[in-house]
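First comes the structure, then the notes that go with it.
Number of protein chains: 2
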Amino acid sequence: MHFVIHRETFVQGVQHVNKAVSTRTTIPILTGIKIDASEEGVTLTGSDSDISIESFIPKADEEKDYIDIKETGSIVLQARFFADIVKKLPGEEIELLVQDQFAATLRSGSVVFNLNGLDPEEYPRLPNLEENQTFSLPQNLLKDMIRQTVFAVSTQETRPVLTGVNLENEQDQLSCTATDSHRLAMRKAGIESEGEPLNISNVVIPGKSMSELRQILEDTDERVDIVVTESQVLFKFRHLLFFSRLLDGKYPVTSNMIPDYSKTTMEVPTKDLLHSLERALLLSKEAKNNVINFKTLEGRDIEISSVSAEVGKVTERITCHSVEGEELRISFNGKNIMDALKVIDSEVVHIMFTGAMSPFVIRPSDHDQMLHLFSPVRTY
Amino acid sequence: MHFVIHRETFVQGVQHVNKAVSTRTTIPILTGIKIDASEEGVTLTGSDSDISIESFIPKADEEKDYIDIKETGSIVLQARFFADIVKKLPGEEIELLVQDQFAATLRSGSVVFNLNGLDPEEYPRLPNLEENQTFSLPQNLLKDMIRQTVFAVSTQETRPVLTGVNLENEQDQLSCTATDSHRLAMRKAGIESEGEPLNISNVVIPGKSMSELRQILEDTDERVDIVVTESQVLFKFRHLLFFSRLLDGKYPVTSNMIPDYSKTTMEVPTKDLLHSLERALLLSKEAKNNVINFKTLEGRDIEISSVSAEVGKVTERITCHSVEGEELRISFNGKNIMDALKVIDSEVVHIMFTGAMSPFVIRPSDHDQMLHLFSPVRTY
Numbered sequence: 001m002h003f004v005i006h007r008e009t010f011v012q013g014v015q016h017v018n019k020a021v022s023t024r025t026t027i028p029i030l031t032g033i034k035i036d037a038s039e040e041g042v043t044l045t046g047s048d049s050d051i052s053i054e055s056f057i058p059k060a061d062e063e064k065d066y067i068d069i070k071e072t073g074s075i076v077l078q079a080r081f082f083a084d085i086v087k088k089l090p091g092e093e094i095e096l097l098v099q100d101q102f103a104a105t106l107r108s109g110s111v112v113f114n115l116n117g118l119d120p121e122e123y124p125r126l127p128n129l130e131e132n133q134t135f136s137l138p139q140n141l142l143k144d145m146i147r148q149t150v151f152a153v154s155t156q157e158t159r160p161v162l163t164g165v166n167l168e169n170e171q172d173q174l175s176c177t178a179t180d181s182h183r184l185a186m187r188k189a190g191i192e193s194e195g196e197p198l199n200i201s202n203v204v205i206p207g208k209s210m211s212e213l214r215q216i217l218e219d220t221d222e223r224v225d226i227v228v229t230e231s232q233v234l235f236k237f238r239h240l241l242f243f244s245r246l247l248d249g250k251y252p253v254t255s256n257m258i259p260d261y262s263k264t265t266m267e268v269p270t271k272d273l274l275h276s277l278e279r280a281l282l283l284s285k286e287a288k289n290n291v292i293n294f295k296t297l298e299g300r301d302i303e304i305s306s307v308s309a310e311v312g313k314v315t316e317r318i319t320c321h322s323v324e325g326e327e328l329r330i331s332f333n334g335k336n337i338m339d340a341l342k343v344i345d346s347e348v349v350h351i352m353f354t355g356a357m358s359p360f361v362i363r364p365s366d367h368d369q370m371l372h373l374f375s376p377v378r379t380y
Numbered sequence: 381m382h383f384v385i386h387r388e389t390f391v392q393g394v395q396h397v398n399k400a401v402s403t404r405t406t407i408p409i410l411t412g413i414k415i416d417a418s419e420e421g422v423t424l425t426g427s428d429s430d431i432s433i434e435s436f437i438p439k440a441d442e443e444k445d446y447i448d449i450k451e452t453g454s455i456v457l458q459a460r461f462f463a464d465i466v467k468k469l470p471g472e473e474i475e476l477l478v479q480d481q482f483a484a485t486l487r488s489g490s491v492v493f494n495l496n497g498l499d500p501e502e503y504p505r506l507p508n509l510e511e512n513q514t515f516s517l518p519q520n521l522l523k524d525m526i527r528q529t530v531f532a533v534s535t536q537e538t539r540p541v542l543t544g545v546n547l548e549n550e551q552d553q554l555s556c557t558a559t560d561s562h563r564l565a566m567r568k569a570g571i572e573s574e575g576e577p578l579n580i581s582n583v584v585i586p587g588k589s590m591s592e593l594r595q596i597l598e599d600t601d602e603r604v605d606i607v608v609t610e611s612q613v614l615f616k617f618r619h620l621l622f623f624s625r626l627l628d629g630k631y632p633v634t635s636n637m638i639p640d641y642s643k644t645t646m647e648v649p650t651k652d653l654l655h656s657l658e659r660a661l662l663l664s665k666e667a668k669n670n671v672i673n674f675k676t677l678e679g680r681d682i683e684i685s686s687v688s689a690e691v692g693k694v695t696e697r698i699t700c701h702s703v704e705g706e707e708l709r710i711s712f713n714g715k716n717i718m719d720a721l722k723v724i725d726s727e728v729v730h731i732m733f734t735g736a737m738s739p740f741v742i743r744p745s746d747h748d749q750m751l752h753l754f755s756p757v758r759t760y
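Those protein sequence lines, which keep their order, are chains A and B.
Be aware that the first sequence starts at 1, since it is given in my numbering, and climbs by one per residue.
Be aware that the second sequence starts at 381, since it is given in my numbering, and climbs by one per residue.
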């Protein structure tokens with residue numbers, strides 16, 4: 001293998017696939033990045049066996065020539081060193097040459113690295129997915145959907161299926177749901193599909209995969225193609241392929257958990273509520289349970305308070321846009337509410353309570369594509 | 381005690397004194413910040429018994445009124461919570477009221493915090509230093525002197541005196557020196573003193589104190605007054621008093637370690653050398669000894685290289701402005717050299733070697749107020 005490649009383009013590709021590489025893998029070959037030079041261009045691959053990322057750099061596009069391929073071939077190089085090295089090379093171009101015994105030489109400017117490589121034949125092949133369930137949505141929308149749900153996945157392995165985000169469709173509406181059984185975050189969006197009617201359900205993608213994917217997605221409305229199979233999901237965008245395994249097990253039915261009536265409803269300025277909870281949590285964090293007390297006052301006012309026996313207490317009053325229905329006193333995990341308020345981009349939230357002992361719902365006030373559900377905390 | 385204070389001014393004062401507060405102290409009262417309201421203004425104090433910081437906020441200055449003092453008095457409040465709380469209060473002003481039993485009430489906007497305080501009588505008094513050895517220098521210059529030396533202090537407690545920065549004067553030249561016995565950093569500056577001729581020597585300030593002080597110093601040429609006594613040093617600037625204890629023990633005489641001749645000298649572009657070492661360290665870090673090989677080539681070229689049996693090797697060539705004297709091959713700790721190059725603000729460095737087994741000196745090429753000394757590493 002022998003080629004000369006535009007440094008910045010190569011660095012970007014290496015950084016993308018490096019996101020999939022784990023230093024803690026038990027499979028030695030997976031600590032490397034696979035580099036494959038064909039007549040068409042260079043393909044980079046990184047994998048930790050849960051996530052695999054493939055990045056293709058074409059020889060040239062309309063804008064410019066990226067690679068001068070002198071000899072095709074492949075090599076696997078230690079990701080940990082290789083990613084740092086290419087980032088710090090001084091020249092505009094990098095020459096990569098592989099000789100016998102997987103000995104690679106990397107040249108750029110007046111710098112020469114001689115690196116010990118690994119046998120590319122040992123590197124596992126990526127799956128070839130049958131594309132029977134395929135749909136697409138814009139990169140920036142998918143990025144938002146991940147941001148607005150993934151924080152609510154469970155971090156405990158007692159119910160593994162809850163550590164993932166569940167995808168489901170109802171015609172051309174896709175919903176992403178995450179829950180740790182104390183709170184639930186759900187986000188819907190319109191999708192485009194081709195051919196057969198879609199039937200996505202119980203497609204549970206590990207939260208970690210979603211977080212890595214979010215980091216690679218860009219703020220553009222270029223579309224991502226998503227291919228779903230029994231055990232894998234594939235996201236295709238630009239010159240990238242992002243594979244993730246799916247979680248086994250039956251995701252709980254969440255639609256019937258969401259109350260369809262309410263006893264107390266209110267419209268609250270999002271930032272006021274968020275900052276008030278931040279202050280109240282300064283004390284309740286100490287008690288380590290994040291419990292915040294909430295009650296309605298006369299008129300349109302509500303009161304947020306929390307107590308720490310050791311440090312003291314805090315009380316704060318917020319004036320809402322509207323408060324309707326029964327009086328209410330309720331306690332909840334303030335940290336969970338804050339997590340949700342941070343991903344709601346609307347200026348006002350609509351809160352629906354169904355009593356002091358029952359779950360309650362927070363939504364943005366200006367659209368119904370997002371919903372957050374919380375269990376209260378019993379304090380007596 | 382009862383006063384209403386401008387929030388931003390109070391927050392800044394609290395943040396400054398909070399730098400001295402340690403959560404790991406064994407003296408409970410020192411986990412707090414002392415707040416003292418007199419007719420003249422509010423004094424804040426934080427201390428971990430090594431460092432003490434006092435910040436005075438006057439009732440008013442030419443620009444504006446900061447405090448409305450309704451009743452004098454004092455209280456100690458838990459620093460950990462108090463510093464976060466004042467930062468997050470919503471109003472432009474904060475009202476602080478202390479009732480019986482050290483119960484403090486903090487009001488701002490629609491927020492009320494009730495905090496349990498501690499007895500201010502238990503708080504240790506700060507020393508009243510006799511001002512017999514006093515000099516001054518600009519804040520930004522002192523900040524630079526700390527940045528350019530403190531990284532070289534020893535982190536090992538085997539010779540405690542080496543964990544500090546040593547101050548010495550020769551007439552109106554002050555020198556700061558730090559060494560961990562493998563490398564030494566020295567910076568000189570002109571100072572102004574009043575009254576008696578100065579006689580500063582063996583004034584060893586803990587590296588940690590210097591680092592904290594550096595964070596509070598601002599990039600202005602307003603002067604800092606420095607008072608030195610047998611066991612304490614005091615830095616006075618703006619409305620701040622920064623006390624640090626001094627380290628016991630005799631600081632080694634370093635002036636005779638610096639070679640006054642050379643066998644090979646060169647002028648090297650600082651950034652080229654720095655980036656080259658960064659790349660070479662990518663491999664030698666793996667071997668965990670940071671050893672870099674250095675040799676002179678024909679003409680004005682030098683070669684930097686490093687080897688890791690597992691990963692591979694790197695070789696790089698740098699063209700210098702000049703190379704004079706004997707040929708040379710030497711090995712050194714590349715990380716130590718990088719630390720020094722990062723604080724040299726000059727574009728070119730002057731390097732003086734005295735042989736492969738002897739210490740060598742790096743200086744900025746455009747002034748002689750700074751010097752870095754290094755021991756080579758034996759590789760055979």
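Glycine included, C-beta positions come from ideal geometry on N, C-alpha and C.
- Query: For Thr315/A and chain B, any beta-carbon pair shorter than 7 Å?
  - Reply: Numbered from its first residue, the first sequence carries residue 315/A at position 315. Closer than 7 Å: yes.
- Item | Proximal chain A residues relative to Asn496/B, where beta-carbon distance stays under 8 Å | The residue you call residue 496/B lines up with position 116 of the second sequence. Here the neighbours are Glu310, Val311 and Gly312.
- Item | Those runs of the alpha helix (DSSP H) which lie wholly inside the region 251–337 of chain A and span at least 4 residues | 270–287
- Query: Who are the near neighbours of Gly91/A in its chain, counting only those whose CB is closer than 6 Å to its CB and skipping five residues on each side?
  - Reply: On the first sequence, position 91 is the one that residue 91/A refers to. Within the same chain, Gly91/A has close Cβ partners Ser108 and Gly109.
- Item | Within the region 403–481 of chain B, ranges of the alpha helix (DSSP H) (whole runs, at least 4 residues) | 459–468
- Message: Buried or exposed, going by whether 16 or more other CB atoms sit within 10 Å of the CB of Thr261/A?
- Response: Stepping through the first sequence from its first residue, residue 261/A is reached at position 261. In the sequence as presented, Thr is not what sits at residue 261/A; that position holds Tyr. Tyr261/A comes out exposed.
- Could you list which residues in chain B have their beta carbon closer than 8 Å to that of Leu282/A, in chain order? If you number the first sequence from 1, residue 282/A lands on position 282. Going along chain B in sequence order, the residues near Leu282/A (Cβ under 8 Å) are Phe461, Asp464, Ile465 and Lys468.
- Give the range of the beta strand (DSSP E) segment to which Met750/B is assigned. Numbered from its first residue, the second sequence carries residue 750/B at position 370. Met750 to Phe754 is the extent of the beta strand (DSSP E) around Met750/B.
- Item | Cut-off 7 Å between Cβ atoms - residues of its own chain near Asn520/B, not counting five sequence neighbours on either side | Counting from one through the second sequence, the residue named residue 520/B turns up at place 140. Asp599, Thr600 and Asp601, listed in sequence order.
- Query: Any idea what DSSP makes of Glu537/B, helix, strand or coil?
  - Reply: Reading the second sequence from its first residue, position 157 is the one you call residue 537/B. Three-state result, Glu537/B: coil.
- Task: Taking 8 Å as the threshold, find out whether the region 20–38 of chain A comes into contact with the region 62–76 of chain A through three or more Cβ pairs.
- Result: yes
- Message: Quick check on the DSSP output: the alpha helix (DSSP H) that includes Lys19/A runs from which residue to which?
- Response: Sequence index remark: in the first sequence, residue 19/A carries index 19 (1-based). Counting along the chain, Lys19/A falls outside any alpha helix (DSSP H), and DSSP gives it neither H nor E.
- To which residues does DSSP link Gly225/A through a beta bridge? Indexing the first sequence from 1 puts residue 225/A at position 225. Reading off the sequence shown, one finds Asp at residue 225/A, where the question assumed Gly. DSSP, once it has assigned bridges, lists Ser136/A and Lys236/A as partnering Asp225/A.
- Roughly how far, in whole angstroms, is the beta-carbon of Thr265/A from the beta-carbon of Glu324/A, given that I think they are within contact range, below 8 Å? Along the first sequence, read from residue 1 onward, the residue named residue 265/A stands at position 265. Along the first sequence, read from residue 1 onward, the residue named residue 324/A stands at position 324. Rounded, the Cβ-Cβ distance is 5 Å, consistent with contact.
- Message: Strictly under 7 Å for the Cβ-Cβ distance: is Ser52/A near chain B by that measure?
- Response: Taking the first sequence and counting its residues from 1, one reaches residue 52/A at position 52. Residue-level contact check: Ser52/A does not touch chain B, since none of the beta carbons of chain B fall below 7 Å from its beta carbon.
- Per DSSP, cross-strand counterpart(s) of Glu592/B: Start at 1 with the first residue of the second sequence, and residue 592/B comes out as number 212. According to DSSP, which records beta bridges pairwise, Glu592/B is partnered with nothing at all.
- Check whether the Cβ atoms of Leu240/A and Ser55/A sit closer than 7 Å, and answer yes or no. Position 240 of the first sequence, counted from the start, is the residue given in the question as residue 240/A. Position 55 of the first sequence, counted from the start, is the residue given in the question as residue 55/A. Going by C-beta atoms, Leu240/A is nearer than 7 Å to Ser55/A.
- Status (buried if at least 16 other CB within 10 Å, exposed otherwise) for Gly164/A: Looking up residue 164/A in the first sequence gives position 164. So Gly164/A counts as buried.
- Using a Cβ-Cβ cut-off of less than 9 Å, list which residues of the region 325–357 of chain A approach chain B; keep chain order. none
- With a floor of 4 residues, list each alpha helix (DSSP H) that falls wholly inside the region 167–195 of chain A, ordered by position along the chain. none
- Task: Below 7 Å CB to CB, which residues in the same chain sit around Lys70/A once its five sequence neighbours on both sides are set aside?
- Result: Looking up residue 70/A in the first sequence gives position 70. His2 and Phe3, listed in sequence order.
- Message: Here's the rule: buried if 16 or more other CB atoms are within 10 angstroms of the residue's CB, otherwise exposed. What is Gly46/A?
- Response: Sequence index remark: in the first sequence, residue 46/A carries index 46 (1-based). Gly46/A should be labelled buried.
- Establish whether the CB of Glu278/A and some CB of chain B are separated by less than 7 Å. Taking the first residue of the first sequence as position 1, residue 278/A is located at position 278. For Glu278/A, the answer is yes, since a Cβ of chain B falls inside 7 Å of its Cβ.
- Query: How many angstroms separate the CA atom of Leu387/A from the CA atom of Ser375/A?
  - Reply: Examination of residue 387/A is not possible in this model, given that chain A is present from 1 through 380 alone.
- Whose Cβ in chain A lies nearer than 8 Å to the Cβ of Ser555/B? Taking the first residue of the second sequence as position 1, residue 555/B is located at position 175. Neighbours of Ser555/B on chain A: none; closest Cβ ~35 Å, over 8 Å.
- Task: Kindly indicate if chain B contains any beta-carbon less than 7 Å away from that of Pro110/A.
- Result: Taking the first residue of the first sequence as 1, we reach residue 110/A at position 110. Residue identity check: residue 110/A is Ser in the sequence provided, not Pro. Closer than 7 Å to the CB of Ser110/A there is at least one CB belonging to chain B.
- Taking C-alpha atoms, which residue in Asp652/B, Leu578/B and Leu424/B lies nearest to Pro500/B? The residue you call residue 500/B lines up with position 120 of the second sequence. Considering only alpha carbons, the answer is Leu424/B.
- Pro197/A: buried (16+ other C-beta within 10 angstroms of its C-beta) or exposed? Walking along the first sequence from the start, residue 197/A turns up at place 197. With fewer than 16 other Cβ atoms from the protein chains shown falling within 10 Å of its own Cβ, Pro197/A counts as exposed.
- Task: Could you confirm whether any beta carbon from chain A is found closer than 7 Å to the beta carbon of Phe493/B?
- Result: In the second sequence, counting from the first residue as 1, residue 493/B sits at position 113. Taking Cβ atoms only, chain A reaches closer than 7 Å to Phe493/B, which makes this a yes.
- Task: Ignore the nearest five residues each way along the sequence and tell me which others in Gly629/B's own chain have a CB closer than 6 Å to its CB.
- Result: Here residue 629/B is taken as the residue at index 249 of the second sequence, counted from 1. Hits under 6 Å: Val541.
- Inter-residue Cα distance where the pair is Gly714/B and Leu721/B: Looking up residue 714/B in the second sequence gives position 334. Looking up residue 721/B in the second sequence gives position 341. For Gly714/B and Leu721/B, the distance between alpha carbons rounds to 10 Å.
- Specify whether the region 552–567 of chain B and the region 392–405 of chain B touch according to this definition: at least 3 beta carbon pairs, one from each stretch, less than 8 Å apart. No, the region 552–567 of chain B does not touch the region 392–405 of chain B.
- Which residues mark the beginning and the end of the beta strand (DSSP E) in which Thr485/B is found? Translated into positions along the second sequence, residue 485/B becomes position 105. Ala483 to Ser488 is the extent of the beta strand (DSSP E) around Thr485/B.
- Item | Pick from Thr514/B, Gln536/B, Val757/B and Arg527/B that is closest to Glu574/B, judged by C-alpha positions | Residue numbering aside, residue 574/B sits at position 194 when the second sequence is read from its first letter. For Glu574/B, the nearest C-alpha among the options comes from Thr514/B.
- Item | Option nearest Ser686/B by Cα separation, candidates Ile302/A, Val112/A and Ser49/A | To locate residue 686/B, count along the second sequence from 1; it is residue 306. Checking every option, the nearest Cα to that of Ser686/B belongs to Val112/A.
- Which residues bound the beta strand (DSSP E) around Asn114/A? On the first sequence, residue 114/A is found 114 positions in, with the first residue counted as 1. Val111 to Asn116 is the extent of the beta strand (DSSP E) around Asn114/A.
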